[in-house]
Amino acid sequence: MSSGGAVRSRPSCSGALGYPLGNEVRQASGYWFQPFLGGQIYVSPRGAFPVDSWWGGFLEAHAARGGGTGSLGYPKGNEFFDTTTRTWSQVFERGRIHIGPAGTRYEMGVFWEL
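Quick note on this note's numbering: the sequence shown kicks off at 38 and runs consecutively.
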């Protein structure tokens with residue numbers, strides 16, 4: 038298996054993600070996807086979204102909502118930690134996922150952007 042093109046050009050494809058578990062795949066949506074031992078990488082065809090890698094709770098929560106073609110869409114950035122709420126969050130095209138002490142919750146639609 039190899040990383041080439043869009044995925045290989047990103048520095049995050051080495052290190053924490055570990056070895057690739059499959060080859061790069063171009064999805065019907067135009068995104069490039071590649072699974073790694075420690076997570077996944079998506080590359081946007083529009084160039085507006087960065088490469089995003091995620092694993093664990095975010096990957097499971099995103100998959101539960103239909104993945105990239107589901108209600109959340111594709112990620113717009115990597116996970117981040119809010120020290121005030123002690124919650125991890127990730128922004129997607131049409132919503133957010135929050136994971137914290139109270140569990141996983143979703144914000145959908147335009148209201149979360151305000």
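Just so it is clear, CB atoms sit at the ideal spot from N, CA and C, and this is done for glycine as well.
Per DSSP, the bridge partner or partners of residue i
i: P57; result: F73
i: S126; result: F117, H135
i: G16; result: Residue 16 is absent from the model: the chain starts at 38 and stops at 151.
Cutoff 7 angstroms; reference residue i; Cβ partners in own chain excluding five residues on either side
i: K113; result: F86, V128, F129, E130
i: D119; result: S126
i: G94; result: I136, T141
CA nearest to the CA of residue i, picked from the options
i: G107; options: Y56, F117, L96, A139; result: L96
i: T141; options: N115, A101, Y111, G110; result: A101
i: A139; options: L74, R123, L109, E116; result: R123
i: L58; options: G103, Q77, Y68; result: Q77
i: A98; options: G146, N60, R133; result: R133
i: L109; options: G67, F117, E144; result: E144
Start-to-end residues for the beta strand (DSSP E) that takes in residue i
i: Y143; result: 140-145
Other residues of its chain near residue i: CB distance less than 6 angstroms, five sequence neighbours each side excluded
i: G55; result: F73, L74, G75
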